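Residue numbers (this note's numbering): 122 to 165.
Note that beta-carbon positions come from the ideal geometry of N, C-alpha and C, so glycine has one too.
Here the structure is a predicted model, which is why all the values come from computation and not from measurement.
Here the structure is laid out as structure tokens; the discussion comes afterwards.
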Amino acid sequence: MERSDGRYIYWGRNLVLYGPVGTGKTHWAIAAGLRACELGMTVT
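So, in structure tokens, the structure goes:
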């Protein structure tokens with residue numbers, strides 16, 4: 122699954138998360154940032 126293996130991070134594209142309240146946007150953003158850190162990248 123591309124979301125869990127980190128490939129999307131190397132694409133260098135912007136990421137826009139949108140949707141109704143309570144659908145996991147913040148959770149997904151935090152998970153993506155943590156994965157980037159695990160891959161040795163800087164997250165700002």
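Check                                                                                                                   : Outcome
Under 8 Å, do A150 and I130 count as touching if we go by C-beta distance?                                              : no
With DSSP as the reference, label T165 as helix, strand or coil.                                                        : coil
Thinking just about the alpha-carbon of each residue, which of L160, G161, E159 and A153 is nearest to the one in N135? : A153
With G76 as the anchor, note down where its alpha helix (DSSP H) starts and where it stops.                             : Since the first residue shown for the chain is 122 and the last is 165, residue 76 is missing from the structure and cannot be characterised.
Counting along the chain, where does the alpha helix (DSSP H) carrying R134 start and finish?                           : R134 -> no alpha helix (DSSP H), and no H or E assigned at all.
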